[in-house]
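The numbers in the UniProt record's numbering rise by one with no breaks, and the one at position 159 of the sequence shown is 159.
The structure under discussion appears below in the form of structure tokens.
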Amino acid sequence: MAFAAINSAPSGTTVLAPITVIEEAFATEPSLKKRVYDAIGAAPQHASLFEDLARYTSTLLARTTTTTSSLPFVPPREGPAAKKRKIENEQDSVDLKDPNLPVQFYVKDVSFSMPQRKKLTLEVTAGAKYLRARNQNTNQIEFGVPIDRIRHALSLPVPDKAQKQFNFCIIPEYSDGVTPPQAGMSAFDCMVFTVLDGPAKTAFSGSGEQLAHNEGETLESLIRNILNENLPNWPAPERPKNAKLEKGESEEALNEKVVRPHRSIFLNKELMNTRNEEAYHVKAFRGSKDGYVFFLRTGILFGFKKPLMFFSIDRIASYFITGVGNHSFDLNLLVKPINDIEGEHGKYAITILDFKDLDKLSDYMKKYTGLSDKGSFSEDLRAPEHKNGKKRDASGTARAGAEEEESELRKAVQDYENQEDEDESDGPDYDPGTEGESEGSGQSSDEESDDEDDDEDEDEDDDDN
């Protein structure tokens, strides 16, 4: 047998000497390698089987290296904002683009904004294998994603529109903007498409029959139901202990795979529109890009411009507030490495949030993450102190002051509101109604553009012609 126990191991523990073939096969997958050794330790009689599997894995890796080495070199693009990602799974790449695959369901004239800006046909292939977009002129598949690779699906009302509409955000594995692909894994592009609030006149079954409309059913609810039926069964997020059902909210809705906002989770009464519809978002910036932040039961989304970013609740290690001014503040999130693999926490800033939203944000974070500003993270990840903050001692005893810090933030909100009342007598110097009215605001999804997409949009317009 090609392994041996090390006699110096602690009592009751078997530590295996490295096995060359296993070390080579799983050199880039330390967690998997550890599981193999653990399995051998638990069942030594299967050691030869694991060694054979390791040899076979090495053979497959060698074939992949030989195949890819014959392809022309393309310099990789770094960061989550890369416009195109190589699909490394060759079989998925071939099947995904096959226009002759049988279709279960499709919707014509759907306005996409990611990864391309054009009207396409949305379709779900038979067997729930792919969600993809078909060019209506050429009949070719433009892009898509294997349904079992989708990790988050959201249906969100689009703010600042004259007519009510919804954005569906499809976020595949490793495409949330904060999780880089693991070694040997591919990443598919996020998909964002818009549907109007109205009957499903353009929805058809795979046989081409227009789908019958149930009373009260809209195109949004039909697509949402189709996705709920076809999406994989993800592990349900742990329900917050103090979360409760509100009037009009059902337990079934909380367990839907396509996540929607709800007033019991986050409600922004300040931004209710002229139709008196509830708003579940705040306005903010990522760098120079303005956008909307939605606080959902599964995480926090910043959209709808590239790159789309989604911070899953179970990945948020901590948060802190900085840049507190008279009218705005910044939200900083620290994100855990995927699967808790050792590594640095990712740090992300969402800036220039309206100061009036601070109280609601604090309530959401405490309710759904169990965190308070600076009060719940380890000493090495804490934010720098505000100028009026107290110094911490070396043992981190400031943790006990978390509730006091949170109450100070609430007091700051009250001070801000009082200051606004005083300012009104001297004449307004700030108009919250103008905040966020930058490029693309208030336009339709087909008209929106940003500098980053100019070259890509020109190519896509040529395709449409």
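Where a beta carbon is used, it is the ideal one built from N, C-alpha and C, also for glycine.
From a predicted model like this one, the values you see are computed outputs, not experimental measurements.
Beta-carbon gap between T369 and I313 smaller than 9 angstroms: Against a cut-off of 9 angstroms, the Cβ pair of I313 and T369 comes out as a contact.
Range of the contiguous alpha helix (DSSP H) that encloses M309: Annotation: M309 is outside any alpha helix (DSSP H); the continuous beta strand (DSSP E) that includes it extends over M309 to S312.
Beta-carbon gap between I147 and L308 smaller than 9 angstroms: If you check the CB distance, I147 and L308 do not come in under 9 angstroms.
Sequence-distant residues of its chain with Cβ nearer than 7 angstroms to T351 (five each side left out): A284, F285, G323 and D330.
Straight-line Cα distance separating S207 from N228: Separation of N228 and S207 (C-alpha to C-alpha, rounded to the nearest whole angstrom) is 21 angstroms.
Proximity below 9 angstroms, CB of L301 to CB of C169: A contact, by the Cβ cut-off of 9 angstroms.
Three-pair Cβ contact test at 8 angstroms for the segment 173–184 versus the segment 194–201: Contact fails: fewer than three Cβ-Cβ distances are below 8 angstroms.
Among H327, L371 and I316, nearest to H345 - alpha-carbon criterion: For H345, the closest of H327, L371 and I316 by C-alpha to C-alpha distance is I316.
Any non-hydrogen atom of the ligand NAD closer than 8 angstroms to P157 Cβ: Only the bare structure without any ligand can be found here, which leaves the ligand NAD out of the picture.
Identity of the residue in S288, K289, F295 and N276 nearest V282 by Cα: Closest by alpha carbon: F295.
Length of the line joining the Cα atoms of E278 and E270: Straight through space, the alpha carbons of E270 and E278 are spaced by roughly 9 angstroms.
Residue closest to D125, alpha-carbon to alpha-carbon, out of D373, K356, D95 and N135: The question names Asp, yet the displayed sequence has Thr at residue 125. Nearest neighbour of T125 by Cα position, chosen from D373, K356, D95 and N135, turns out to be D95.
Which of helix, strand or coil DSSP assigns to D148: D148: helix per DSSP, three-state reduction.
Distance, A25 Cα to A43 Cα: Cα to Cα, A43 sits roughly 20 angstroms from A25.
Buried versus exposed call for H152 [16 or more other C-beta atoms within 10 Å across all chains shown]: H152 counts as buried, since at least 16 other C-beta atoms from the protein chains shown sit within 10 angstroms of its C-beta.
Integer-rounded CB distance, given that V259 should sit under 8 angstroms from L224: Per the sequence shown, the amino acid found at residue 224 is Arg instead of Leu. The distance from the Cβ of R224 to that of V259 is about 10 angstroms, inconsistent with a contact at the 8 angstroms cut-off.
Buried versus exposed, by CB contacts within 10 Å (16 or more), D98: Looking at its Cβ environment, which holds fewer than 16 other Cβ atoms inside 10 Å, D98 is exposed.
Where G303 sits in the DSSP three-state scheme: G303 falls in the strand class under three-state DSSP.
Boundaries of the alpha helix (DSSP H) in which I40 is found, first to last residue: P30 to A42 is the span of the alpha helix (DSSP H), which, as asked, contains I40.
Opening and closing residue of the alpha helix (DSSP H) in which Y364 lies: Here the alpha helix (DSSP H) through Y364 covers L358 to Y368.
Under 9 angstroms between C-beta atoms of Y292 and P159: Against a cut-off of 9 angstroms, the Cβ pair of P159 and Y292 comes out as a contact.
Assigned secondary structure, E173 (DSSP; H/G/I helix, E/B strand, else coil): Correct three-state label for E173: coil.
Residue burial classification, E209 (beta-carbon count within 10 angstroms, cutoff 16): With fewer than 16 Cβ atoms within 10 Å of its Cβ, E209 is classed as exposed.
Cβ pair A203, F105 closer than 9 angstroms: Their beta carbons are under 9 angstroms apart, which means A203 touches F105 by this criterion.
In DSSP terms, what F294 is bridged to: Answer is H281 and L301, bridged to F294.
Unbroken beta strand (DSSP E) run spanning S205, endpoints: That run of the beta strand (DSSP E) goes A203 to S205.
Straight-line gap, S113 to Y348 (C-alpha atoms, nearest Å): Across the structure, S113 and Y348 are spaced so that their CA atoms are roughly 24 angstroms apart.
Per-residue burial, L333 [other beta carbons within 10 Å of its own, 16 or more giving buried]: L333 should be labelled buried.
Local conformation of D160 per DSSP, three classes: Taken through DSSP and simplified to helix, strand or coil, D160 comes out as coil.
Three-way DSSP call (helix, strand, coil) for A258 in this model: Before going on, a small fix: residue 258 reads as Val here, not Ala. It is a strand residue.
Nearest-angstrom Cα separation, counted from V36 out to P30: So the two alpha carbons sit approximately 10 angstroms from each other.
Residue interval of the beta strand (DSSP E) (run including E123): Run containing E123: K118 to T125, per the beta strand (DSSP E) assignment.
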